[in-house]
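Asker:
Protein chains in written order, with the numbering used here: chain A, 1 to 398; chain B, 399 to 796.
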C-alpha cells in the first residue's frame, strides 16, 4: 500500500489508460520494466507491421517501394510526430540518422548561421553525446564552450545563463537525462534570442511524454531520440526540427544525395532540397522508422495530455513509495511535478551492487553512475503495480 | 536462345548456385528482378530472424539486450564482413550510419591526417553522394577538388591520375555505379601512397559480388552500402573500413557516446574508444543490420569466388543477348569481364519511356539518366531465365 493507501493494483484498476498496456509485446519473466525511457517496448502492431513490410513491401515491391511511399516516410512520419507530440506545423520535422549525427548537423548549421560568434553554451549535466559533439566541433573550429553548472538534481534554468554577443548557440535538454528536470524551454529560448543566439534543444527524454510546443515556444532547432518514448526499437533513427523561417538560410554539413534537390538526376553539383528535406543526407532507414509511426499513432489516439497525466501520477506514486519504503535513498529528481519529466532517479551507495540482483528478479530499472537507480515510467506500457513491485523489491534487497 | 544456343532455363538447370534462389522471399507478379544492385531481395531467414528479434530480443530482453550482445554487433558483423567479402583482418570494419555519413567521417578524418594538403581528387562519374560530400567539405575548408574525367563507359584508371604534394586524398568507387567498371584498386592506391595521399574507396557496388582484398591492396579507408549485394533492406546501415595502422592517428569528427572509450561512465570529456569502435557515433541501428548478417553468412556458405563466377556468367549472358536482340542499344559497360562488376548498363534513347511498361510486365531493371537501363544481377537471387525474360521483353517493347 502506498502512503495514500492505494496499492498499485488498485491504481491500475482505476487507470483509464491501463488497457493500452495490452498493446505491447509481453516479456516473459519480467515483473517490472522501468526503463522505457532508455528503450521503449515494442507494440504488437509494430511486430506485425514490420513482418508484413519485410515480406510484402521490401520483398514484394522491391525497388518500386521507394517510388510508392518509402521516400516520403522521413517527412510524413516527421509531420505526424510534429502534430502529435512536438507542437510543430508540417514541413519542419524529419526522421533520420542518429541523435548524435543530427546534433552534429544542427550545431554546425547553427554556427554557420552565426558567423563571427565564438561561444557555445551547454551544461555539464547534459547527456554525454550532446557534450561530446560540441567538444569535437569546438576543437575543430577553435571555439569556446561556456559550461553551465546546474544545481544538483535540477537542469538548466534561466538565471544560470550568461549569454553575450559572442554566443552563437545554446544546447540544452528539454528534460535532463538523469534528474528528469523539465527546462523552461520558452524562457531559455527567449534569452538566447535576446542575445542574438540560436537555441538548439535535445528533446530525447521528453518527446512522447511531456507536451511540447516548439512553434509556439520559438525554438530554432531540435533533435531527439526515436527509441525511448517513441518505441522505435534499438537504434531506431532520430528526428530533427528546423523552424520554417530558418530553413532557407541554414546549410547542413553532410551533403548527400537524399538531401539534394533532385536525387535521381544524379547531376553535377549539390543543390540542397528546399525545406526540411535538405537536412537529410543518405538513404533513410525505412525499417527503423516503422515502429515509431505506430507509437506516434497510439499517442495520437490516447492524447498527449492524457499520457502526461498518467506520467505525473506514476512518478508521484513512485516518489511516495520511495519516501515510505526507501527513506535511506535520496530523491535526485524534482518533487514539483511541473518541473518533473517521465522518469525519476533515486541515489543510494549500494544501488550499483543491487542492479544484477534486481535483474535476476525480473525488475529492470536503469542505472546511472555513480549510484542512481533511474525509474523510466513509460505511461502507456507501465503499470502502477510494476512501480510498486520494483520499489518493494529494492526495499527487500537493501 | 542465346548466341551460344543456351536458353536461360538451360543455363539455370546447369547452374550449381541456382538452388540458393529459393532462400529469398518471392515477389508475386515479378518475372525478372534485375535491380539487386540497388536493393537486394530479403532472405526468408532474415524475415524470420527479424520477427524473432522483435518479439524475443527487443520485446523480451528489453534494455538487457545491449549487454547481451547488441553492442557488439557493429563490430562482430563488421569482422564477418571483413573476413567473407573484404579481405580484412578483424578489428578494422564496423557497421553503422549511412554510406553518406561514413564518407563524411572518412574524408574529414583523412584530411586531418594530411594537414597542409589542399586537394581532394575524385571523378566526375563517381556516385553523386560521394561528390556531394566532398563538395561540401571542400567548400567548408577552402580546399580544391581535382576532378578526374573518366573515359566513357569506364571508371578511374591509373593513367588518368595527376597527384602531387598538395593531394590529401583520393576518393573513387571500386565499381562504377553506372558502367560497372572495376577499378584497379591496388594500382590506384599505390599511386596515392606514392604522392603521400590517403586512398578512400567507396565499395558500395562491389561488396558481396567482386572479390576484394583491402588489407593486401593497402587500402587506407573504405565504406560501402548495406542494402545492395548485402541485402540489408531499404536504408540498412553502411559499413566502414579503417586500416589498423591508421586507427591510432585518425580522428573522426562526429564525436558521440557510442564511439567514446567508456559510454556508460557518462563522464566529462570525450575520449575516443581504441580501434575501430572509435569511428562510431550514435546508437547503432540494430534491426537494420540483422539482415546483412544473414546475407554475409550465405555468401560465406557459397564462397565469394563462386558468387563472382556466376556474376560473370550472368553479365556475359546478358551482353550476348543484348548483342543479339538489341543491336540498336549501346553497351555502356566493359566487355572485358576482368574489368566488369556485377551490373551492366545499356543505353537507348527510348529506354526512359520503356521503364513504366517494363514495370507493368513485372520486369524490373534500374534506370540511370539520361537513357540507361541498368541490369543489376545479384548472383544468388537472379536466374539466367530472368535475364532472358527481361531482354526479350525490352526487345518486344522497342
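C-beta: ideal position from N, C-alpha, C; glycine also.
Check whether the Cβ of residue 268 of chain A lies closer than 8 Å to any Cβ atom in chain B.
Answerer: Answer yes: the Cβ-Cβ gap between residue 268 of chain A and chain B drops below 8 Å somewhere.
Asker: Among the candidates B/623, B/490 and B/632, whose CA atom is the shortest distance from the CA of residue 63 of chain A?
Answerer: B/632
Asker: If we call anything under 8 Å between Cβ atoms a contact, is residue 619 of chain B one with residue 444 of chain B?
Answerer: no
Asker: Select from B/577, B/468, B/613 and B/567 the residue whose C-alpha is nearest the C-alpha of residue 482 of chain B.
Answerer: B/613
Asker: When you measure from the CB of residue 18 of chain A to every non-hydrogen atom of the ligand MN, does any distance come out below 7 Å?
Answerer: Absence of the ligand MN is noted for the structure shown, with no ligands found whatsoever.
Asker: Quick one: give me the first and last residue of the alpha helix (DSSP H) that residue 130 of chain A is part of.
Answerer: 128-141
Asker: Taking DSSP as the reference, what is the three-state secondary structure of residue 416 of chain B?
Answerer: helix
Asker: Taking only beta-carbon atoms, is residue 354 of chain A less than 8 Å away from chain B?
Answerer: no
Asker: Taking 8 Å as the threshold (beta carbon to beta carbon), is residue 445 of chain B in contact with chain A?
Answerer: yes
Asker: Report yes or no: is there a C-beta of chain A within less than 8 Å of the C-beta of residue 401 of chain B?
Answerer: Bear in mind that a pLDDT of 49 at residue 401 of chain B, under 50, signals an unreliable position, so the number given afterwards is only what the model happens to contain. Answer no: the Cβ-Cβ gap between residue 401 of chain B and chain A never drops below 8 Å.
Asker: Would you tell me roughly how many angstroms separate the C-alpha atoms of residue 651 of chain B and residue 138 of chain A, rounded to the nearest one?
Answerer: 11 Å
Asker: Between the segment 200-209 of chain A and the segment 218-232 of chain A, do at least 3 Cβ pairs fall closer than 8 Å?
Answerer: yes
Asker: Mind listing the chain B neighbours of residue 369 of chain A? Cutoff is C-beta to C-beta under 7 Å, in chain order.
Answerer: What residue 369 of chain A touches in chain B: 663 and 664.
Asker: Using a Cβ-Cβ distance under 8 Å, would residue 51 of chain A count as near chain B?
Answerer: yes
Asker: Can you have a look at residue 630 of chain B and say buried or exposed, based on whether 16 or more other CB atoms are within 10 angstroms of its CB?
Answerer: buried
Asker: Do you know whose CA, among B/699, B/792, B/475 and B/494, lies nearest residue 488 of chain B's CA?
Answerer: B/475
Asker: Which residues in chain B sit within 8 Å of residue 247 of chain A, going by Cβ to Cβ distance?
Answerer: Chain-order list of chain B residues neighbouring residue 247 of chain A: empty, with the shortest C-beta distance near 17 Å, by a criterion of under 8 Å.
Asker: Which residues, in chain order, does the segment 125-138 of chain A contribute to contact with chain B at a C-beta distance below 7 Å?
Answerer: 128, 129, 132, 133, 135 and 136
Asker: Can you find the residues in the same chain that come closer than 6 Å, C-beta to C-beta, to residue 679 of chain B, ignoring five residues on each side of it along the sequence?
Answerer: 652, 654 and 657
Asker: Among B/542, B/640, B/440 and B/517, which residue has its Cα nearest to the Cα of residue 627 of chain B?
Answerer: B/440
Asker: Per the contact definition of three or more C-beta pairs closer than 8 Å, is the segment 316-335 of chain A in contact with the segment 711-722 of chain B?
Answerer: no
Asker: Please state the DSSP three-state secondary structure of residue 575 of chain B.
Answerer: Note: residue 575 of chain B maps to coil in three-state DSSP.
Asker: Between residue 698 of chain B and the rest of its own chain, which residues show a CB-CB distance below 6 Å, the 5 nearest in sequence each way excluded?
Answerer: 482
Asker: Which of the residues in the segment 192-220 of chain A, read from start to end, lie with their CB under 8 Å from any CB of chain B?
Answerer: none
Asker: Which residue wins for smallest C-alpha separation from residue 273 of chain A, given the options B/525, B/420 and B/530?
Answerer: B/530
Asker: Could you list which residues in chain B have their beta carbon closer than 7 Å to that of residue 140 of chain A, in chain order?
Answerer: Within chain B, 651 have C-beta atoms less than 7 Å from the C-beta of residue 140 of chain A, given in sequence order.
Asker: Below 7 Å between beta carbons is the criterion; list the residues of the segment 492-514 of chain B that meet it against any residue of chain A, in chain order.
Answerer: 495, 496, 497, 498, 499 and 502
Asker: With C-beta atoms as the reference, is residue 432 of chain B less than 8 Å away from residue 774 of chain B?
Answerer: Yes, these two residues count as a Cβ contact at 8 Å.
Asker: Would residue 747 of chain B be called buried (16 or more neighbouring beta carbons within 10 Å of its own) or exposed?
Answerer: Label assigned to residue 747 of chain B: exposed.
Asker: Checking contacts by CB at 8 Å: is residue 360 of chain B closer than that to chain A?
Answerer: In this structure chain B extends from 399 to 796, so residue 360 of chain B is not present and cannot be described.
Asker: In whole angstroms, what separates the C-alpha of residue 69 of chain A from that of residue 534 of chain B?
Answerer: 29 Å
Asker: With H, G and I counted as helix, E and B as strand and the rest as coil, what does DSSP make of residue 461 of chain B?
Answerer: In this structure, residue 461 of chain B counts as coil in the three-state DSSP scheme.
Asker: Are the CB atoms of residue 375 of chain B and residue 516 of chain B nearer to each other than 8 Å?
Answerer: Outside the shown range of chain B, which is 399 to 796, sits residue 375 of chain B, and nothing can be said about it.
Asker: So with CB distances below 7 Å, who are the chain A contacts of residue 433 of chain B?
Answerer: 62 and 63
Asker: Can you tell me which of the three DSSP states residue 502 of chain B falls into?
Answerer: Residue 502 of chain B: helix per DSSP, three-state reduction.
Asker: Applying the 10 Å Cβ sphere with the 16-neighbour rule, what's the burial state of residue 388 of chain A?
Answerer: Flag for residue 388 of chain A reads buried.
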